[in-house]
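For what it's worth, this note's numbering labels the leading residue of the sequence shown as 87, then goes sequentially.
Where a beta carbon is used, it is the ideal one built from N, C-alpha and C, also for glycine.
Here the structure is laid out as structure tokens; the discussion comes afterwards.
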Amino acid sequence: GETFYWSFDPQGVGRLPEDTAEELGLPDIHFHAFVDGKFWTRDHYNIIRQFHLAKGFDPTSQDVAIELGYPLVDV
């Protein structure tokens, strides 16, 4: 079904029939989304790993998270 539709119902529960919307001159509803994801390369992770090692942390542990007071996750 359609995700977006016209409605005179304040809660948006009742759909306005398409032919009625057309008769009223209401425009078609179109939705466009753009997603821009950011990512780190392997080099970024290697630099952070080296930094943690230089600071005396085990990069395979949760030691840094503990030191910074972050909540721990089960891995």
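Inclusion of Pro145 and Leu139 in the CB contact set at 8 Å is warranted, their separation being smaller than that value. Three or more beta-carbon pairs separated by less than 8 Å link the region 109-116 to the region 90-100, which places the two stretches in contact. Straight-line spacing of the CA atoms in Pro157 and Ala151 works out to 7 Å. For Ile152, the uninterrupted alpha helix (DSSP H) run begins and ends at Asp149 to Leu154, by DSSP. Distance from the CA of Lys124 to the CA of Ile133, rounded to the nearest whole angstrom, comes to 17 Å.
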